[in-house]
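Asks: Chains as they are written, first to last, in our numbering: chain V, 11 to 330; chain P, 11 to 330. Beta carbons are placed, not taken as given, at the ideal position from N, Cα and C, and that holds for glycine.
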DNA sequence: CCCTTGCGGTCAGGTCCTGTCCGCAATCCG
DNA sequence: CGGATTGCGGACAGGACCTGACCGCAAGGG
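1. Measuring alpha carbon to alpha carbon, tell me which residue in P:110, P:88, P:64 and P:49 is nearest residue 98 (chain P).
2. On the criterion of 16 or more Cβ atoms from any shown chain inside 10 Å, does residue 142 (chain V) qualify as buried, or is it exposed?
3. Can you tell me the Cα-Cα spacing of residue 232 (chain P) and residue 164 (chain P), whole angstroms?
4. Pop quiz: residue 18 (chain P) and residue 80 (chain V) are said to be a contact at Cβ under 8 Å. What is the actual Cβ separation, rounded to whole angstroms?
5. Below 8 Å on C-beta distance, what does residue 29 (chain P) contact in chain V?
6. List the endpoints of the continuous beta strand (DSSP E) containing residue 199 (chain V).
7. Using the rule of at least 16 other Cβ atoms within 10 Å of the residue's Cβ for burial, across every protein chain shown, is residue 208 (chain P) buried or exposed?
8. Give a yes or no on whether 8 Å exceeds the smallest Cβ distance from residue 79 (chain P) to chain V.
9. Residues of chain V with a CB under 8 Å from the CB of residue 121 (chain P): which are they?
10. Which chain P residues are close to residue 284 (chain V), counting only those with a beta carbon under 9 Å from its beta carbon?
11. Quick one: using the 10 Å Cβ neighbour count with 16 as the cut-off for buried, is residue 44 (chain P) buried or exposed?
12. I want to verify the contact list: residues of chain V whose CB lies under 7 Å from the CB of residue 319 (chain P), in sequence order.
13. Name the DSSP beta bridge partners of residue 282 (chain P), please?
14. Does the CB of residue 151 (chain V) have a neighbour CB from chain P at under 8 Å?
15. Check whether chain P comes within 8 Å of residue 198 (chain V), counting only Cβ atoms and requiring the distance to be less than that.
16. Starting from residue 108 (chain P), follow the alpha helix (DSSP H) in both directions and report where the run begins and ends.
17. Along chain P, which residues have their Cβ under 9 Å away from the Cβ of residue 312 (chain V)?
18. For residue 214 (chain V), tell me which candidate among V:15, V:157, V:159 and V:169 has the shortest Cα-Cα distance.
19. For a test of the three-state rule: what should DSSP assign to residue 208 (chain P), helix, strand or coil?
20. Just to confirm my understanding: we take residue 218 (chain P), look at its own chain, exclude 5 residues before and 5 after, and list those with CB closer than 8 Å. What are they?
21. Give the interface partners of residue 187 (chain P) over in chain V, defined as CB-CB distance under 8 Å, in chain order.
22. Below 8 Å CB to CB, which residues in the same chain sit around residue 315 (chain P) once its five sequence neighbours on both sides are set aside?
23. With 8 Å set as the bound, which would you pick, yes or no: does the beta-carbon of residue 168 (chain V) sit closer than that to a beta-carbon of chain P?
24. Indicate whether at least one CB of chain V lies closer than 8 Å to the CB of residue 304 (chain P).
25. Kindly indicate if chain V contains any beta-carbon less than 8 Å away from that of residue 46 (chain P).
26. Does the separation of the CB atoms of residue 238 (chain P) and residue 286 (chain P) fall below 8 Å?
27. Check residue 292 (chain P) in the structure and name its three-state DSSP category.
28. In chain V, which residues lie less than 7 Å from residue 110 (chain P) when you measure between Cβ atoms?
29. For residue 199 (chain V) versus residue 174 (chain V), is the C-beta distance shorter than 8 Å?
30. Mind pulling the chain P residues with CB within less than 9 Å of residue 209 (chain V)?
31. Compare the C-alpha of residue 311 (chain V) against each of P:307, P:323, P:21 and P:313 and name the closest.
32. From which residue to which residue does the beta strand (DSSP E) around residue 238 (chain P) run?
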């Protein structure tokens, strides 16, 4: 085995078990212990902090360093990571959507097909994003495809359903992916319209990279996120939710986590405010809190609460 | 730069962009193009399928191969992966809990401290597992610590709250982690009791590996999962939920995903059954479905539905 | 105090890595 | 069809570097 291959294997071994006695490592790598020590030294020179313990039951150990070492994953771990990232990218986790998608595309690109199949088999086991209530049910695989095409400057072809419901095929030069609220958009140069467009990802179907690369154009204004937002003058339907909850702020905060702002109003009550483009979340939150509350706004939320109250009330009456 | 370091860097470059012209790569690695070709060859010999395209706008590309290549992640990607895995390990994703934890512990072990801090800063942004309603709110960092101790045969010390509410310090030799239902257990040899025990992870606090390694004992019976289950004769409180929903099976299935079994009852209705040890999930599901329904069992669910109906009804009355 | 295990210097031999030079092949474009 | 571009790989010479062997030393654990 060549020296470089041995380095990779050594890194891999150091990642699977915490402690390795030097002799054991040398035997596995089929080199003398002296050479092993030299390999370890080389790793250290490359910045991977390999810690050593002397004496009986001593050994080597890979510690946290200044930079991420190359991760050597086995099949199952890779699958777990992809499944987790899909959940995160799908909007279950706040704050890292786009990074998840980037990581996802990187991993998926080099993932053996048999592992991709295993991931797909697990696809529908994730928690539905808004538990049914009309969440766009994004396909994380689609997101990964788009992100990859953006990164690699590859043309994309996909079907697109316009607001009016028309279905048409588009070919574009993708530029950036943007997430606004809980929605994904692709900013791209439309090759048939000869203009910049932003596409809602949940309206796209069957996206495939054509394999044709292109020289990136400059987006007028430069800021893709701004471009998308400016195109959304047709009111993004965001609701400002404000609810007075009759429970102490601390416990409410514990239950809604970061999904809403909780401010103490002093008298053992608190005010819960959220931004949502879908009333499903506030509804879930109100149910999860389980305390008495008054809806301050919006009126639509009152209607929604009323609807569920009626629904549940009828169910109880029918059962008893 | 040494040859091995260059190989790693080459792998890294190939993972960040899809296509690389040979000249560009050679320049970045500061070697001649001939040497670059040799490096690429070496990678191929190691099993990484590097595809090359000739002619104008040709270049190199890392494809999916038979095995996962070492992943070279930048900081943000690493953080995204850990956050995703935490969500998955916390029970948001069905079917890969334990693998997620393994992957998590592997990554966290080698992750630079500054990245760990970033992950912690994002911790509470994940969706609360059951949106408040008493989900054990597992600490994924704790899970990772335990998994690592199991893997590396390191003794653990932690605080444990018994069913009776007593708090005591334990020192154990961890054996395996088991997940039953939505709960995590650690099977370990208790060094003070001198016997095997299974510990509920959500009752543990401040677990730390002591650094002392031990020779693994053999678990009587061998099957850790079986051991935990046998210890759970004290009825795990599981509810069999069965609800008749007045909506067509297809749409209901779309809304609950894999979180419940949906069987068509023929007359435009369907029966939704779930197993749950917490009634929060079925409640969320019923709200998410938004159709009329009759609760068949358990009686506790009817009470719960009644409670929320009352809660919501009062809120509406107070507002109008 | 002894044993185990890691550390690192030195040396000789030889592997293998590198840059140069070359002709060839595949692909794209006009 | 021809030219330009880009990847492919053989041959070769010089030298960098890798390896194993041998050594004495240092650090833990019992």
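Replies: In short:
1. In terms of CA proximity to residue 98 (chain P), P:110 leads the group P:110, P:88, P:64 and P:49.
2. Annotation note: pLDDT 38 at residue 142 (chain V) (below 50); position unreliable, coordinate value reported separately. Within a 10 Å sphere around the beta-carbon of residue 142 (chain V) sit 16 or more other beta-carbons, which makes this residue buried.
3. If you take the alpha carbons of residue 232 (chain P) and residue 164 (chain P), they lie about 20 Å apart.
4. About 6 Å separates the beta carbon of residue 18 (chain P) from that of residue 80 (chain V), a gap short enough to meet the 8 Å contact definition.
5. Within 8 Å Cβ-Cβ: 162 and 223.
6. It spans 193–200 - the beta strand (DSSP E) in which residue 199 (chain V) sits, taken as one unbroken run.
7. By the neighbour-count rule (16 or more Cβ atoms within 10 Å), residue 208 (chain P) is buried.
8. Residue-level contact by beta carbon holds for residue 79 (chain P) and chain V, with a gap shorter than 8 Å.
9. Chain V residues near residue 121 (chain P): 74 and 78.
10. Neighbours of residue 284 (chain V) on chain P: none; closest Cβ ~12 Å, over 9 Å.
11. Around the beta carbon of residue 44 (chain P), fewer than 16 other beta carbons sit within 10 angstroms, so the residue counts as exposed.
12. The answer, in chain order, is 319, 322, 323 and 326.
13. As computed with DSSP, residue 282 (chain P) is found in a beta bridge with P:253 and P:272.
14. Using beta-carbon distances, residue 151 (chain V) does not count as an interface residue toward chain P, since no partner is under 8 Å.
15. No, residue 198 (chain V) lies away from the interface with chain P (no Cβ there is under 8 Å from its Cβ).
16. Residue 108 (chain P) -> alpha helix (DSSP H) spans 107–120.
17. Going along chain P in sequence order, the residues near residue 312 (chain V) (Cβ under 9 Å) are 325, 326, 329 and 330.
18. Of the residues V:15, V:157, V:159 and V:169, the one whose Cα lies closest to the Cα of residue 214 (chain V) is V:169.
19. In this structure, DSSP gives residue 208 (chain P) an extended state, which the three-state scheme calls strand.
20. Excluding positions up to five away in sequence, the list reads 155, 166, 167 and 168.
21. Ordered by position in chain V, no residue passes the 8 Å Cβ test against residue 187 (chain P), which lies about 14 Å from the chain.
22. Answer for residue 315 (chain P): 293, 296 and 305, listed in chain order.
23. Contact with chain P is absent for residue 168 (chain V), since none of that chain's Cβ atoms lies less than 8 Å from the residue's Cβ.
24. Taking CB atoms only, residue 304 (chain P) has a neighbour in chain V less than 8 Å away.
25. No, its Cβ sits nowhere closer than 8 Å to a Cβ of chain V.
26. In this structure, residue 286 (chain P) does not lie closer than 8 Å to residue 238 (chain P) by Cβ.
27. Residue 292 (chain P) falls in the helix class under three-state DSSP.
28. Residues of chain V with a Cβ closer than 7 Å to the Cβ of residue 110 (chain P) are, in chain order, 90 and 94.
29. No Cβ-Cβ contact shorter than 8 Å links residue 199 (chain V) with residue 174 (chain V).
30. None at all; the shortest Cβ gap to chain P is about 21 Å.
31. Put simply, of P:307, P:323, P:21 and P:313 the residue whose alpha carbon is nearest the alpha carbon of residue 311 (chain V) is P:323.
32. It is not in any beta strand (DSSP E) - residue 238 (chain P) instead sits in the alpha helix (DSSP H) that spans 234–241.
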